[in-house]
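S.K.:
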Amino acid sequence: MGKITLKHVNKSFGDVAVIPDINLTIENGEFVVFVGPSGCGKSTLLRLIAGLEDVSAGRIEIDGTDATHLPPAKRGLAMVFQSYALYPHMSVRKNIAFPLKMAGMSEAEQEKKVQNAARILNLTNYLDRRPGQLSGGQRQRVAIGRAIVREPAAFLFDEPLSNLDAALRVSMRQEITELHQSLKTTMIYVTHDQVEAMTMADKIVVLNAGNIEQVGSPLELYHHPANVFVAGFIGSPKMNLIGGAEAAKHNAATIGVRPEHIDIGEGGPWTGTVGLSEHLGSDTFLKVEVDNIGTLNVRASGEVTLRHGDRITLAPQAGRLHRFGADGKALA
Amino acid sequence: MSTQSSRLAARVMVAPSVLLLFIWMVVPLAMTLYYSFRLYRLISPDRTGWVGFTNYLWFINAPEFWLAMGNTLALVGGVLAITVTLGILIALLIDQPVKGQGVLRILVIAPFFVMPPVAASILENLFMHPQNGLFAAVSMSFGAQPILFLQDYPMWSVIAIVSWEWLPFATLILLTSLQSLSSEQLEAAEMDGASALNRFRFIILPHMMRAITVVILIQTIFLLGIFGEIFTTTQGGPGSASTTLPYMIFKQAIAAKDIGRAAAGGIIAVILANIVAYFLMRGIGRHLDT
Ligand SMILES: Nc1ncnc2c1ncn2[C@@H]1O[C@H](COP(=O)(O)OP(=O)(O)OP(=O)(O)O)[C@@H](O)[C@H]1O
Ligand SMILES: [Mg+2]
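Just so you know, the sequences run in chain order A and B. Here my numbering is used: the first residue of the first sequence is 1, the next is one more, and so on. Here my numbering is used: the first residue of the second sequence is 1001, the next is one more, and so on.
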């Protein structure tokens, strides 16, 4: 079981309220991703849940019982750190067995669990090495191994893949997703990588300056951002946000349209000049200087051969336009 | 990083200083060796000649020789045990975030800057003195007789004095090592269910092992030659109770003015130092790698 509930959680360092007031429920078995800009309090929130920081006010419940003042070890959660935090003087085997040893488990049982974890994570051949003799991806797997042997109620990951190169990141991402599918344990995952958030999450929590901006499934956030912040944050390349007279035409303070929801062709309302064009093969990203509006990002198919200085007309796809009020909230 | 030619160049470059150091070491050693086989007394300088192993035999058969050997090892071992143990504890303490941390650390380091004979005099006269000492005052306030430290526990007194001097050194090195431990490792251990004691035993202590080794090796080098503290306090006494090997050599060279015997003692001290170094490197030297 691993249902985690935060009720009016507040965290201040001195006078600075890093997290003013957060209410959040994480259901058992969910894969929840915290995203947000750097310094918005993602790590702090994770450390509050882990018990590595004390809450200033509020209540944290794990499986319905109050865990606000429980020490980290008693919460039954396991954490994977960004720096892996492996014990450098212990072999991989001893690293993975450490939580079991601390729990007073017998040697034979420890060995059984270590072997099992090593098999799942493809570490069987590395058990006698020291962490210093492993690659980044292998170290990451050892850190995960150390977490899974404890059979925790939930896993906490703080940007676990940010030290890995792009290719390894993709494969580790899939491994973690598969691990979640086979273990079915609650996972809370902090990242600022769009792709990780969109592909892995059952539920994304978008944080900004310590506040929750929106909670929802990846597609929900993509299709129905609750406010300008989420609209601009989720999706890559970023949504075009247009204010002023153009927005007023749609009775909104700001309108947003995603680069992939703009069509190039005759008869569109906007005309502009192509600036930068990036040809990725599969797609072409264009920066178009639109008259009276400003620069818009447009995503076109890979066959488009527009060049710098070409004049084009653009049309937002019908029904794909997001409207936001003066307070930044989405208008129905 | 280094190619064949750059390594050769490096060797050529350092050769002069290595040569100089080598001469620096070899000449005194050779002279000591030479004198250790000679009859050479400052009282009767005209009587000279080769005497074979007589000087060595005299030294080894001297009534206080084995006592001095034991005392030397007790001094090294005792001071190491005290400074490393207390050093770890104090380092753990002053690593905690407290107000006035900077000042506190300077205070802890301060004794190291006091010259050895001065340090010995301070401890002898202000702390251990049977009339004026702080310890005597404490004893008497409980209605007990003051302890005659230098008389009844001369070796322990010397060990205590030398420990007081070297504790700051050990603490400083161990503290820097402690500060280089990543806090995430400790947090990970905490999440893994390790109690404070287990975190110390399985995470902190192994991390500090290299620093502890450095402290032990460096201190051993200096502790084997401790002389000033004994000279200013017990003078090797009462009787020979606190005589160490260096002090015995001093008595032969300066008091008895017998250079030949003192030189023989010096060579024995060199042999002892090498034996100690051998066992130290075998025992804890591996912590210096990786
Ligand atoms: N121990 C601390 N004392 C004071 N302020 C802190 C402390 N820890 C974090 N903060 C502040 O809290 C805010 C949130 O920090 P946090 O580490 O949670 O950000 P984050 O969302 O994880 O950022 P990143 O994506 O860069 O890791 C930051 O402004 C940071 O300066
Ligand atoms: Mg962070």
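Virtual Cβ for every residue (Gly too), placed ideally from N, Cα, C. This structure is a prediction, so every number in the text was calculated from the model and none was measured.
1) Under the criterion of a Cβ to heavy atom distance below 8 Å, does A/E159 qualify as lining ligand 1?
2) What alpha helix (DSSP H) runs, 4 residues minimum, are completely inside the stretch 1123-1206 of chain B?
3) In terms of DSSP beta bridges, what is A/Q214 paired with?
4) Do A/M187 and A/E30 have their beta-carbon atoms positioned less than 9 Å apart in this structure?
5) Beta-carbon of A/L306 versus every beta-carbon of chain B: anything under 9 Å?
6) Which residue wins for smallest C-alpha separation from B/I1094, given the options B/T1232, B/I1173, B/D1289 and B/L1217?
7) What does the alpha-carbon distance come out to for the pair B/F1053 and B/G1077?
8) In the structure shown, what three-state DSSP assignment does A/L241 receive?
9) Buried or exposed: B/M1128, going by 16 or more other Cβ atoms within 10 Å of its Cβ?
10) Would you list, in chain order, the members of the stretch 1199-1227 of chain B that have their beta-carbon closer than 8 Å to a beta-carbon of chain A?
11) Less than 9 Å between the C-beta atoms of B/A1188 and A/L86, yes or no?
12) How about A/G36: is its Cβ closer than 8 Å to a heavy atom in ligand 1?
13) Below 9 Å on C-beta distance, what does A/H8 contact in chain B?
14) Can you name, in chain order, every residue of its own chain whose Cβ lies under 8 Å from the Cβ of B/F1231, other than the five neighbours on each side?
15) DSSP three-state label for A/S43, please.
16) In chain order, what residues of the same chain lie with their CB nearer than 6 Å to the CB of A/V18, ignoring the 5 residues before and after it?
17) Return yes when the C-beta of A/S43 is under 8 Å from any heavy atom of ligand 1, and no when it is not.
18) Around the Cβ of A/F34, are there at least 16 other Cβ atoms within 10 angstroms (buried) or fewer (exposed)?
19) Let me check you understand the geometry: is the CB of B/Q1004 closer than 8 Å to at least one non-hydrogen atom of ligand 2?
20) Can you give me the start and stop residues for the alpha helix (DSSP H) that B/Y1034 sits inside?
21) Tell me which residue opens and which closes the beta strand (DSSP E) that A/P20 is part of.
22) Leaving out five residues before and five after A/F157 in sequence, what residues of the same chain have Cβ atoms less than 6 Å from its Cβ?
23) Which chain A residues sit within Cβ distance under 8 Å of B/D1289?
24) In three-state DSSP terms, what is A/A154?
25) I want to know whether the stretch 308-328 of chain A touches the stretch 266-274 of chain A - three or more CB-CB distances under 8 Å.
26) Quick check on the DSSP output: the beta strand (DSSP E) that includes B/G1237 runs from which residue to which?
27) Kindly indicate the opening and closing residues of the beta strand (DSSP E) around A/I62.
28) Evaluate B/V1103 with the Cβ neighbour count: other Cβ atoms within 10 Å of its Cβ, from every protein chain shown; 16 or more gives buried, anything less gives exposed.
29) Given this structure, state the Cα-to-Cα distance separating B/V1098 from A/R150, to the nearest angstrom.
30) Compare the C-alpha of A/P72 against each of A/G244, A/Q138 and A/V55 and name the closest.
31) Okay, do the stretch 1051-1066 of chain B and the stretch 1022-1041 of chain B touch, 3+ Cβ pairs below 8 Å being the bar?
32) Return the first residue and the last residue of the alpha helix (DSSP H) that A/H279 is part of.
33) Leaving aside the five residues before and after A/A147 along the sequence, list all residues of the same chain whose C-beta is less than 6 Å from its C-beta, in chain order.
34) Quick one: give me the first and last residue of the alpha helix (DSSP H) that A/N116 is part of.
35) Using alpha carbons as the reference points, say which of A/G14, A/A166, A/G39 and A/L6 lies closest to A/N23.
36) How would you list, in chain order, the residues of chain A whose beta-carbon sits under 7 Å from the beta-carbon of B/A1194?
M.R.: Let me spell this out:
1) Counting from 1 along the first sequence, the entry for residue 159 of chain A is found at position 159. Result yes, Cβ under 8 Å from ligand 1.
2) You should have 1134-1141, 1149-1152, 1154-1179, 1183-1191 and 1196-1199.
3) Residue 214 of chain A sits at position 214 when you count from the first residue of the first sequence. Note: A/Q214 sits in a beta bridge opposite A/V206.
4) Indexing the first sequence from 1 puts residue 30 of chain A at position 30. Indexing the first sequence from 1 puts residue 187 of chain A at position 187. In this structure, A/M187 lies closer than 9 Å to A/E30 by Cβ.
5) Position 306 of the first sequence holds residue 306 of chain A. Interface residue (Cβ-Cβ distance to chain B less than 9 Å): A/L306 is not classified as such.
6) Residue numbering aside, residue 1094 of chain B sits at position 94 when the second sequence is read from its first letter. Measuring from the Cα of B/I1094, the nearest candidate turns out to be B/I1173.
7) One-based indexing of the second sequence puts residue 1053 of chain B at position 53. One-based indexing of the second sequence puts residue 1077 of chain B at position 77. Approximately 30 Å between the Cα atoms of the pair.
8) Along the first sequence, read from residue 1 onward, the residue named residue 241 of chain A stands at position 241. In the three-state scheme derived from DSSP, where H, G and I count as helix and E and B as strand, A/L241 is classed as strand.
9) Counted from its first residue, the second sequence places residue 1128 of chain B at position 128. B/M1128 counts as buried, since at least 16 other C-beta atoms from the protein chains shown sit within 10 angstroms of its C-beta.
10) Among the residues of the stretch 1199-1227 of chain B, those with a Cβ less than 8 Å away from any Cβ of chain A are F1202, I1203, P1206, H1207 and M1209, in the order of the chain.
11) Working through the second sequence from its first residue, we reach residue 1188 of chain B at position 188. Working through the first sequence from its first residue, we reach residue 86 of chain A at position 86. The beta carbons of B/A1188 and A/L86 sit closer together than 9 Å.
12) Working through the first sequence from its first residue, we reach residue 36 of chain A at position 36. For ligand 1, at least one heavy atom lies less than 8 Å from the Cβ of A/G36.
13) For the purposes of this step, residue 8 of chain A is taken as residue 8 along the first sequence, with counting starting at 1. Near A/H8 there are no residues of chain B at all, since even the closest Cβ is about 25 Å away, more than 9 Å.
14) As a first step, residue 1231 of chain B is located in the second sequence; it is residue number 231 there, counting from the start. For B/F1231, the CB contacts under 8 Å within the same chain, skipping 5 residues up- and downstream, are P1117, Y1247 and F1250 in chain order.
15) By 1-based counting over the first sequence, the position of residue 43 of chain A is 43. Residue state for A/S43 is assigned as helix, using DSSP reduced to three classes.
16) Residue 18 of chain A sits at position 18 when you count from the first residue of the first sequence. Contacts found: K11, G41, T44 and G210.
17) For the purposes of this step, residue 43 of chain A is identified with residue 43 of the first sequence, where counting begins at 1. At least one heavy atom of ligand 1 lies less than 8 Å from the C-beta of A/S43.
18) For the purposes of this step, residue 34 of chain A is taken as the residue at position 34 of the first sequence. The residue is buried, with at least 16 neighbouring Cβ atoms inside 10 Å.
19) The residue given as residue 1004 of chain B occupies position 4 in the second sequence. Result no, Cβ not under 8 Å from ligand 2.
20) Within the second sequence, numbered from 1, the residue matching residue 1034 of chain B stands at position 34. In the DSSP annotation of this structure, the continuous segment of the alpha helix (DSSP H) that includes B/Y1034 starts and ends at Q1004 to S1036.
21) Translated into the one-based positions of the first sequence, residue 20 of chain A becomes position 20. V16 to I26 is the span of the beta strand (DSSP E), which, as asked, contains A/P20.
22) As a first step, residue 157 of chain A is located in the first sequence; it is residue number 157 there, counting from the start. Excluding positions up to five away in sequence, the list reads V80 and Y189.
23) Mapped onto the second sequence, residue 1289 of chain B falls at position 289. Within chain A, no residue comes near B/D1289; the closest Cβ sits about 12 Å away, beyond 8 Å.
24) Numbered from its first residue, the first sequence carries residue 154 of chain A at position 154. The three-state secondary structure of A/A154, taken from DSSP, is strand.
25) Contact between the stretch 308-328 of chain A and the stretch 266-274 of chain A is present, because at least three Cβ pairs lie under 8 Å.
26) Numbered from its first residue, the second sequence carries residue 1237 of chain B at position 237. Taken as a continuous stretch (DSSP letters only), B/G1237 belongs to no beta strand (DSSP E), as it is neither H nor E.
27) Sequence index remark: in the first sequence, residue 62 of chain A carries index 62 (1-based). Unbroken beta strand (DSSP E) run through A/I62: A57 to I62.
28) As a working mapping, residue 1103 of chain B is identified with position 103 in the second sequence. So B/V1103 counts as exposed.
29) Within the second sequence, numbered from 1, the residue matching residue 1098 of chain B stands at position 98. Within the first sequence, numbered from 1, the residue matching residue 150 of chain A stands at position 150. Taking the Cα positions, B/V1098 is about 35 Å away from A/R150.
30) In the first sequence, the residue the question calls residue 72 of chain A occupies position 72. Check the Cα spacing between A/P72 and each of A/G244, A/Q138 and A/V55: the tightest is with A/V55.
31) The stretch 1051-1066 of chain B is in contact with the stretch 1022-1041 of chain B.
32) Here residue 279 of chain A refers to the residue found at position 279 when the first sequence is read from its first residue. Looking at the DSSP string, A/H279 is not in any alpha helix (DSSP H); the run it does join, the beta strand (DSSP E), is W270 to H279.
33) To locate residue 147 of chain A, count along the first sequence from 1; it is residue 147. Answer for A/A147: A78, V80 and F155, listed in chain order.
34) Residue numbering aside, residue 116 of chain A sits at position 116 when the first sequence is read from its first letter. That run of the alpha helix (DSSP H) goes E107 to I120.
35) The count along the first sequence starts at 1 and reaches residue 23 of chain A at position 23. Selected option, being the one with the closest Cα: A/L6.
36) Position 194 of the second sequence holds residue 1194 of chain B. At a C-beta separation below 7 Å, B/A1194 has these neighbours in chain A: M102.
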